[in-house]
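Asks: From first to last, the protein sequence lines stand for chains A and B. Quick note: the first sequence, position 35, residue 35 per UniProt numbering, numbers continuous. Quick note: the second sequence, position 55, residue 55 per UniProt numbering, numbers continuous.
There are 2 protein chains.
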Amino acid sequence: MTTTVACAQLALHVGDVAANLAAAEEAIEAAANAGARVVVLPELTNSGYVFESPAEARALAEPVDGPTVAAWSAAARRHGVTLVAGLAELDDDGQVRNSAVVIDPTGAVRAVYRKAHLFGTEKEFFVPGDERPPVVDIDGVGRVGVMVCYDLEFPEWVRLAALAGTDLLCAPVNWPLFPRPEGERPAEAVRVQADAAVNRMYVAACDRAGDERGVRWTGGSIITDPDGFPLAGRTPTDGPALLLASCDLPQSRDKRLGAHNDVFGDRRPELYGD
Amino acid sequence: MTTTVACAQLALHVGDVAANLAAAEEAIEAAANAGARVVVLPELTNSGYVFESPAEARALAEPVDGPTVAAWSAAARRHGVTLVAGLAELDDDGQVRNSAVVIDPTGAVRAVYRKAHLFGTEKEFFVPGDERPPVVDIDGVGRVGVMVCYDLEFPEWVRLAALAGTDLLCAPVNWPLFPRPEGERPAEAVRVQADAAVNRMYVAACDRAGDERGVRWTGGSIITDPDGFPLAGRTPTDGPALLLASCDLPQSRDKRLGAHNDVFGDRRPELYGD
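#1: Residues of the segment 251-272 of chain A with a CB closer than 9 Å to any CB of chain B: list them in chain order, please.
#2: Distance check for A:A232 and A:D238, CA to CA, integer angstroms please.
#3: Report yes if the C-beta distance between A:N20 and A:T2 is below 8 Å; otherwise report no.
#4: With a CB to CB cut of under 6 Å and the five nearest residues on each side skipped, what residues in its chain are close to B:R256?
#5: In chain order, which beta strand (DSSP E) runs of at least 3 residues are fully inside the segment 101-141 of chain A?
#6: Could you tell me whether the segment 90-100 of chain A touches the segment 46-66 of chain A, using the rule of 3 or more Cβ pairs below 8 Å?
#7: Listed in chain order, which residues of the segment 168-201 of chain B have Cβ atoms closer than 7 Å to some Cβ of chain A?
#8: Mind the definition here: the segment 183-190 of chain A touches the segment 217-232 of chain A only if three or more C-beta pairs lie below 8 Å; say whether that holds.
#9: Interface residues of chain B around A:R58 at Cβ under 7 Å?
#10: What are the boundary residues of the alpha helix (DSSP H) that includes B:S73?
#11: Just how far apart, CA to CA, sit B:Q193 and B:E52?
#12: Determine which residues of the segment 148-162 of chain B have a Cβ less than 9 Å from any Cβ of chain A, and write them out in chain order.
#13: Which residue comes first and which comes last in the beta strand (DSSP E) that contains A:P9?
#14: Can you list the residues of chain A that B:K123 reaches, using a CB-CB cut of under 8 Å?
#15: Start and end of the alpha helix (DSSP H) containing A:Y272?
#16: Quick check: what's the CA-CA separation for B:P179 versus A:K123?
#17: Answer with buried or exposed for B:F125, where buried requires no fewer than 16 other C-beta atoms within 10 angstroms of its C-beta.
#18: Whole angstroms is fine: what's the gap from B:G258's alpha carbon to B:E156's?
#19: For B:A36, is the classification buried or exposed, using 16 other Cβ atoms within 10 angstroms of its Cβ as the cut-off for buried?
#20: From A:G214 to A:H13, what distance separates their C-alpha atoms?
#21: Considering A:E89, what are the terminal residues of the beta strand (DSSP E) in which it resides?
#22: Under the three-state reduction of DSSP, which class applies to A:E182: helix, strand or coil?
#23: When you compare only the Cα positions, how much space is there between A:Q9 and A:A75?
#24: Check whether the Cβ of A:A116 lies closer than 8 Å to any Cβ atom in chain B.
Structure below.
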């Protein structure tokens, strides 16, 4: 059984909630029409990323039962896809979070994850999450794990998601463009490859395109197989892009590496603790 | 202060201890002549890798105070280099280990590390180590950490070495050649890049070249900077090779990432435990 996984790399605009929603809805439809059963959108797809102030971030944050997630749910249901998307969230306690939702093909919000490792100036705008990455078992798809951007750079965190049974780790990201040597893949994408390989699971990271208030995005969305090789997104795309990859997700449940190894079984957790 | 680090990728021959020692001595001299202050040799440089039986591995294993390490120490002293090399070791309890030694420029053996994560059929030949990767402070160089091959694929292990203060992680490896998509770097090298980047430290992995009893080696030696980009070894070399990289090792003590982040400080260890 293979599942088509999509990353819908979008050019969003900070503060333009209606345009961002329209871009998301259009991308979900295009991905579904191309056969995708799982669609990943970027980090902070409702709001954009480069806030000028905490007040601006707060003004753009929405509760999970707000209009953006309602529209995403309707789109997921309409197109019969599982959707993982980043959200500037106003939580029940009035705190602003850098979150991601997992919405199943019935439109139900199955998980809300709050980014635990905040990057750059995000600490001014968001309260970090304290809960581990959730893993949602979706009928006919498999176990979808979720985390957000900089979280991917903490292998401890990725390992927790893997040990919790993730078949496909979906990560909304916004990777600012950093210089890199000619011919090199973005370092963020390389880390995704390693995240996939050391845990033998699929990873789909959906990046932004374009720029926003002087920040240029990498456009480095990538979908990797359990060997850590890219199925889509081998090179960054300078603009919106729809990445599609056919993934044999049950492969992620086989942690064997050749005839003699198992990437989970070979761990020595008794040696790793404090 | 920059330090030239070398990986001396060798074609070794299982069982031919004299030829292997000669190849190592020649490579150490060549590296030193090219300005190297740290020289990394492959895994199991004394013995070769593809054993036919546990008896063969045992017969080739040597104590740390045996002739091969004595000769390596003399070469390190003669050329004034720090040497990290893989050794089939017969330990004091008569157990056979897949080890690596760290020898300083005075010729002193400063650490013996025993591979904790055994790959493939190694479990038939070696007893795994139970001690964490050592970090050796070498005058005029910095803090040299060491682990062996498959250890690099356990990010928990790499993190321990990094948290213990490693400036330069030296890893003797023997990477069997696996198929990979056209244009892709070997997955093992990609994992080294990620190991370096998430810990912001230099990593030098020294691979084998050639083949041995039907096993083809990748020739994928790589030296990466703390951003995870290769300074040497961007593509595998089909044969012996001397990789050299000028490394500003104190950079590894700065874990900041831009103005707002710190790859150690941003960890959430309270969320990672059992």
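We put the CB at the ideal spot given by N, CA and C, even for glycine.
Replies: Quick answer:
#1: Taking 9 Å as the Cβ-Cβ cut-off against chain B, the residues of the segment 251-272 of chain A that qualify are L257, G258, A259, H260, N261, V263, D266, R267, R268, P269, E270, L271, Y272.
#2: Translated into positions along the first sequence, residue 238 of chain A becomes position 238. Translated into positions along the first sequence, residue 232 of chain A becomes position 232. Straight-line Cα distance between these residues: approximately 15 Å.
#3: Within the first sequence, the letter at position 20 stands for residue 20 of chain A. Within the first sequence, the letter at position 2 stands for residue 2 of chain A. No; because the gap between Cβ atoms is not below 8 Å, this pair is not in contact.
#4: Translated into the one-based positions of the second sequence, residue 256 of chain B becomes position 256. The answer, listed in chain order, is D262.
#5: Within the segment 101-141 of chain A, the beta strand (DSSP E) runs of at least 3 residues that lie entirely inside it are, in chain order, 109-114, 135-138.
#6: Enough Cβ pairs lie closer than 8 Å, so yes.
#7: So the list reads R180, P181, E184, A187, V190, R191, Q193, A194, A197, V198, given in the order they occur along the chain.
#8: Between the segment 183-190 of chain A and the segment 217-232 of chain A, the count of Cβ pairs shorter than 8 Å is three or higher; the stretches touch.
#9: Working through the first sequence from its first residue, we reach residue 58 of chain A at position 58. For A:R58, none of the residues of chain B pass the 7 Å Cβ criterion, the least Cβ distance being about 19 Å.
#10: In the second sequence, counting from the first residue as 1, residue 73 of chain B sits at position 73. Counting along the chain, the unbroken alpha helix (DSSP H) around B:S73 starts and ends at 67-79.
#11: If you number the second sequence from 1, residue 193 of chain B lands on position 193. If you number the second sequence from 1, residue 52 of chain B lands on position 52. So the alpha carbons of these two residues sit roughly 33 Å apart.
#12: Answer set for the segment 148-162 of chain B: Y150, E153, F154, P155, E156, W157, V158, R159, L160.
#13: The residue given as residue 9 of chain A occupies position 9 in the first sequence. In the sequence as presented, Pro is not what sits at residue 9 of chain A; that position holds Gln. Start and end: 3-9.
#14: Walking along the second sequence from the start, residue 123 of chain B turns up at place 123. Neighbours of B:K123 across chain A, judged by C-beta separation under 8 Å: H260.
#15: For the purposes of this step, residue 272 of chain A is identified with residue 272 of the first sequence, where counting begins at 1. From DSSP, the alpha helix (DSSP H) with A:Y272 extends over 269-272.
#16: The sequence position of residue 179 of chain B within the second sequence is 179, counting from 1. The sequence position of residue 123 of chain A within the first sequence is 123, counting from 1. Separation of B:P179 and A:K123 (C-alpha to C-alpha, rounded to the nearest whole angstrom) is 43 Å.
#17: In the second sequence, counting from the first residue as 1, residue 125 of chain B sits at position 125. The C-beta of B:F125 has 16 or more other C-beta atoms within 10 Å across all chains shown, which makes the residue buried.
#18: Taking the second sequence and counting its residues from 1, the one referred to as residue 258 of chain B is at position 258. Taking the second sequence and counting its residues from 1, the one referred to as residue 156 of chain B is at position 156. Rounded to the nearest angstrom, the two C-alpha atoms are 24 Å apart.
#19: As a working mapping, residue 36 of chain B is identified with position 36 in the second sequence. The residue in question, B:A36, is buried, as its Cβ has 16 or more Cβ neighbours within 10 Å.
#20: In the first sequence, counting from the first residue as 1, residue 214 of chain A sits at position 214. In the first sequence, counting from the first residue as 1, residue 13 of chain A sits at position 13. Answer to the nearest angstrom: the Cα atoms are 12 Å apart.
#21: The residue given as residue 89 of chain A occupies position 89 in the first sequence. Counting along the chain, the beta strand (DSSP E) containing A:E89 begins and ends at 82-90.
#22: Here residue 182 of chain A refers to the residue found at position 182 when the first sequence is read from its first residue. It is coil, neither helix nor strand.
#23: Taking the first residue of the first sequence as 1, we reach residue 9 of chain A at position 9. Taking the first residue of the first sequence as 1, we reach residue 75 of chain A at position 75. Straight-line Cα distance between these residues: approximately 17 Å.
#24: The residue labelled residue 116 of chain A in the question sits at position 116 within the first sequence. Chain B contact via Cβ: present.
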